[in-house]
Ligand SMILES: [Zn+2]
């Protein structure tokens with residue numbers, strides 16, 4: 072799934088709907104790039120909004136990698 076995203080066969084929203092996931096960009100303490108939690112069947116991905124765009128993308132991939140199906 073993530074390889075398909077990286078290879079350009081699918082787009083981010085396909086991955087998010089596959090994992091029933093939402094992304095929010097929030098002010099998080101320095102050193103915390105992001106985290107995931109499940110609430111009522113929805114996977115929530117929180118990304119630090121103070122880190123660079125590149126780091127946000129990298130963090131998003133890291134958090135998506137927590138999901139395995
Ligand atoms: Zn993580």
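Residue numbers (my numbering): 72 to 140.
All residues carry an ideal CB built from backbone N, CA and C; glycine is no exception.
If we ignore side chains and look at the alpha-carbon of each, how far apart do residue 102 and residue 126 end up? Looking at the two C-alpha atoms, the distance is approximately 12 Å.
In the DSSP assignment, the alpha helix (DSSP H) including residue 110 goes from what residue to what residue? Residue 110 -> not in any alpha helix (DSSP H); beta strand (DSSP E) instead, spanning 105–110.
Under 7 Å Cβ to Cβ from residue 132, same chain only, skipping five residues before and after it: list those, please. 73
Quick one: is residue 91 buried, meaning 16 or more other Cβ sit within 10 Å of its Cβ, or exposed? By the 16-neighbour rule on beta-carbons within 10 angstroms, residue 91 is exposed.
As assigned by DSSP and simplified to three states, the class of residue 88: It is helical.
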